[in-house]
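These notes are about the structure you will find just below.
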Amino acid sequence: MIYLKNPFLKSERQLTFPVKNGDGDFTSVSEKTEENLAFVKEKLDCCSDVLYRRLEIGSEKAALVFCDGLCNSVLLNEGIIKPLTEIKAPLFTKRSIYETVTEKTYSGSDFKSGENLNDIFPFLFSGCAILFADGMNCFLAFSVQGFEKRGFEEPHTEVQEKGTMEGFVETLTDNIALLRRKLKTPFLKTEEIIIGSTSNTRVAVCYLSDRADKKTVESIKNKLKEIKIDSVLSSDYLAPYLDSGFLSLFSAVGRTERPDTLCSKLGEGRVGIIADGSPFAVFLPFLFTENFQASDDYCHRPFYSFFIRCLRLLCFFLSAMLPGIYVAVCVYHQEVLSQALLVEIAVQENVTPFSITAEALTVHIMYEIVREAGLRMPKAVGHAVSIVGALVIGEAAVSAGIIAAPMVIIVALTAIGSFVVSPVYESVSVLRLVFIIIGGMSGFFGIMLFFGACVINICALNSENVPFSATLITANIGSFRDVLFRLGWKKLGRRVLKIDRLEK
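Numbered continuously in our numbering, the sequence shown closes out at residue 509.
The structure is reproduced here in structure tokens:
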């Protein structure tokens, strides 16, 4: 007799039972297998990937329901079907059937039971095999998952020079395992919630019970439970429901693709949310200054980390305000330029048919079009789009006198600066156009007024009672140890900075 041990060890590591939602109608499981199958077949009409396997357990009729492509055939046949068909003793009561089935199957420890027929569908489409048997008024869901999935790869959106090269994948269980590998502590808690009336997506709330504030954890879980949405196909679907709700171009919800980044946030008392099927995690509370920080800042020496963070902050201001300042100088404030530079700009701008404001808006919109085309096109032709855009819009437009050469330089500096601060690219791309319009209408005065409005807007945001600008305005001196300038690890690791200390 061959005892297949290793396949079931793999199954135990990949146990992915869904959590009951608790919503919907309640339909009791019948003690007759045929009645249960009739209910399932009615609900799953025209589902060719759902398979049914009839068998006998002793003298009782039974049936297995499973989804083709989501189950491991070896685990299903050798771990469940074969042991059940070998049972010869007669069974008369529900208790004896239940105990015999759970003891005889090799996957006896990897199962869950339920009495509501509507609860089988999340189990079924998560890769579980559903067992019905005569005389047993409950179903058994066995974990026999075996679907294909992507392996761990280097994150594509958060490229780092130093640090780990692991990124989250689309499987929730694997993502939680990545956190467990880095945080080997019993205080790491993961609570699952089902969200989405159609998708029934499993969402995990992760936190360290000895660090995270209990009120913050409960507030986030309540917000997630109250979400009424049809499908959750990405963790970003949840961000609007967790955000501050205040009208702003900036988001008070953090986003990461790196397990080490999320672990560091959990260590500060944050709460992470991971959705099944998404390689990105979101976390709260989130601070404005974290847009200018990266994981490998903590692998460099403090003076270099300070230099890089200052550089990112400078690029943020340049990418958002430089085009607007250039337009304001050319239209209203020519006195701030030297005579030689002013003459050169005037000569270039006089040969163009458009006003400086219209020219700046047109060029930046054309740049966004080229960027979007290069991003959405297949990789084989994406570089060609960038080359054509640079040649046609840049060289040919300047030679034809449609666009001034200084404007091309401004666009290039702005584009490069926006790539440096990619976490706030969406906000910067809109702010840039607004600053251009205001700079062309009212010069430096309008720019400074709008800049002040942006600062007030940032200060008005809060994330779970923690101000979005907490590290800039807080009276807690300890919070400044890792904003722009970072202390060395000998001092930085002396005590834990908890995010709830920055509350209002």
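Built from N, CA and C at the ideal position, the CB exists for glycine as well. Here the structure is a predicted model, which is why all the values come from computation and not from measurement.
Measuring only the C-alpha atoms, how far is residue i from residue j?
{"i": "residue 120", "j": "residue 42", "result": "14 Å"}
{"i": "residue 235", "j": "residue 35", "result": "30 Å"}
{"i": "residue 470", "j": "residue 248", "result": "11 Å"}
{"i": "residue 342", "j": "residue 382", "result": "41 Å"}
{"i": "residue 455", "j": "residue 253", "result": "13 Å"}
{"i": "residue 134", "j": "residue 164", "result": "40 Å"}
{"i": "residue 90", "j": "residue 174", "result": "38 Å"}
{"i": "residue 446", "j": "residue 411", "result": "20 Å"}
{"i": "residue 129", "j": "residue 146", "result": "8 Å"}
{"i": "residue 473", "j": "residue 289", "result": "11 Å"}
{"i": "residue 86", "j": "residue 475", "result": "59 Å"}
{"i": "residue 347", "j": "residue 340", "result": "9 Å"}
{"i": "residue 60", "j": "residue 50", "result": "22 Å"}
{"i": "residue 55", "j": "residue 47", "result": "12 Å"}
{"i": "residue 461", "j": "residue 432", "result": "15 Å"}
{"i": "residue 26", "j": "residue 266", "result": "Interpretation of residue 26 is limited by its pLDDT of 49, a score under 50 that renders its predicted location unreliable; the figure taken from the coordinates is listed afterwards. Approximately 30 Å, taken between the alpha carbons."}
{"i": "residue 285", "j": "residue 258", "result": "12 Å"}
{"i": "residue 4", "j": "residue 66", "result": "The structure shown does not extend to residue 4, since the chain is modelled only from 6 through 509, so no value can be given for it."}
{"i": "residue 218", "j": "residue 491", "result": "25 Å"}
{"i": "residue 493", "j": "residue 84", "result": "54 Å"}
What distance in whole Å lies between the Cβ atoms of residue j and residue i, which are believed to be in contact at a cut-off of 8 Å?
{"i": "residue 452", "j": "residue 282", "result": "With a Cβ gap of about 43 Å, residue 452 and residue 282 do not count as contacting."}
{"i": "residue 426", "j": "residue 317", "result": "6 Å"}
{"i": "residue 448", "j": "residue 338", "result": "6 Å"}
{"i": "residue 122", "j": "residue 279", "result": "Actually they do not touch by this definition, with Cβ atoms about 29 Å apart."}
{"i": "residue 297", "j": "residue 314", "result": "5 Å"}
{"i": "residue 116", "j": "residue 68", "result": "Incorrect: roughly 16 Å between the Cβ atoms, too far for contact."}
{"i": "residue 200", "j": "residue 232", "result": "5 Å"}
{"i": "residue 321", "j": "residue 466", "result": "About 16 Å; that fails the 8 Å criterion."}
{"i": "residue 353", "j": "residue 405", "result": "With 8 Å as the limit, residue 353 and residue 405 do not qualify as a contact, their Cβ atoms being about 13 Å apart."}
Opposite residue i in the DSSP bridges: which residues?
{"i": "residue 3", "result": "No statement about residue 3 is possible, as the shown extent of the chain runs from 6 to 509 and does not include it."}
{"i": "residue 212", "result": "194"}
{"i": "residue 487", "result": "491"}
{"i": "residue 174", "result": "According to DSSP, which records beta bridges pairwise, residue 174 is partnered with nothing at all."}
{"i": "residue 133", "result": "148"}
{"i": "residue 199", "result": "207"}
{"i": "residue 288", "result": "259 and 277"}
{"i": "residue 304", "result": "Answer is none; residue 304 lacks a bridge partner."}
{"i": "residue 76", "result": "150"}
{"i": "residue 351", "result": "DSSP lists no partner for residue 351."}
{"i": "residue 472", "result": "467"}
{"i": "residue 138", "result": "67"}
{"i": "residue 595", "result": "Beyond the ends of the chain as shown, which are 6 and 509, falls residue 595; an answer cannot be given."}
Thinking just about the alpha-carbon of each residue, which of the options is nearest to the one in residue i?
{"i": "residue 45", "options": "79, 126 and 292", "result": "126"}
{"i": "residue 291", "options": "301, 273 and 31", "result": "273"}
{"i": "residue 131", "options": "141, 345 and 153", "result": "153"}
{"i": "residue 105", "options": "78, 62, 82 and 144", "result": "62"}
{"i": "residue 229", "options": "404, 321 and 208", "result": "208"}
{"i": "residue 335", "options": "312, 319, 258 and 415", "result": "415"}
{"i": "residue 182", "options": "268, 445 and 372", "result": "268"}
{"i": "residue 150", "options": "71, 231, 256 and 305", "result": "71"}
{"i": "residue 192", "options": "143, 211 and 308", "result": "211"}
{"i": "residue 170", "options": "190, 93 and 262", "result": "262"}
{"i": "residue 156", "options": "179, 239 and 166", "result": "179"}
{"i": "residue 108", "options": "118, 88 and 422", "result": "88"}
Can you tell me where the alpha helix (DSSP H) with residue i in it begins and where it stops?
{"i": "residue 417", "result": "410–425"}
{"i": "residue 144", "result": "It is not in any alpha helix (DSSP H) - residue 144 instead sits in the beta strand (DSSP E) that spans 144–148."}
{"i": "residue 513", "result": "The chain is shown from 6 up to 509; residue 513 falls before or after that span and cannot be answered."}
{"i": "residue 164", "result": "Neither: residue 164 is in no alpha helix (DSSP H) and is coded neither H nor E."}
{"i": "residue 87", "result": "87–90"}
{"i": "residue 382", "result": "From DSSP, residue 382 is part of no alpha helix (DSSP H); its letter is neither H nor E."}
{"i": "residue 266", "result": "264–272"}
Hey, could you find the ends of the beta strand (DSSP E) residue i is sitting in?
{"i": "residue 259", "result": "259–261"}
{"i": "residue 65", "result": "65–72"}
{"i": "residue 56", "result": "55–62"}
{"i": "residue 119", "result": "116–119"}
Shorter than 8 Å from the beta carbon of residue i to some beta carbon of chain B?
{"i": "residue 50", "result": "Reference to chain B is not applicable here, since this structure consists of a single protein chain."}
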